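One structure is given below, encoded as structure tokens.
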Amino acid sequence: MKKKILALMLSAVVSSSALVGCSNAEVEKTCDQETEDLESMFVEVGKSDISRIVYDRETKVMYAISDSRYNRGSFTLLVDENGNPKLWDGE
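In my numbering, the protein residues as written are 30 to 120.
Laid out in structure tokens, this is it:
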């Protein structure tokens with residue numbers, strides 16, 4: 030009986046610590062107020078409810094980043110009609 034109670038208490042502690050560890054903490058971001066570009070290696074050029082389009086500052090290669098409930102944060106390389114990485118040609 031003691032083993033069952035101990036196992037139940039241990040599983041409760043593990044479950045509660047797992048739930049507490051998952052939070053939507055605010056991340057401090059700095060950005061240029063005129064262009065609203067994040068000061069990082071990526072520049073956001075498009076956004077929808079479930080995804081963002083960014084490009085790498087150095088290589089100009091474009092990516093889609095998912096922002097949906099089930100696959101948040103997945104990077105997908107965007108390609109042109111020939112299968113080559115799509116490059117940002119804006120300013």
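The beta-carbon is built from N, C-alpha and C at its ideal position, and this holds for glycine as well. Source: prediction; values computed, not measured.
Item: Within this structure, are the beta carbons of residue 80 and residue 93 separated by less than 7 Å?; Value: yes
Item: Write down every uninterrupted run of the beta strand (DSSP E) in the segment 64 to 107 whose length is 3 residues or greater and which is fully enclosed by it, in chain order.; Value: 71 to 76, 80 to 85, 91 to 95, 104 to 106
Item: Near residue 89, which residues of its chain fall below 6 Å by C-beta distance, leaving aside the five closest residues on each side in sequence?; Value: 116, 117
Item: Would residue 74 and residue 82 qualify as a contact pair, given that the criterion is a beta-carbon distance under 7 Å?; Value: yes
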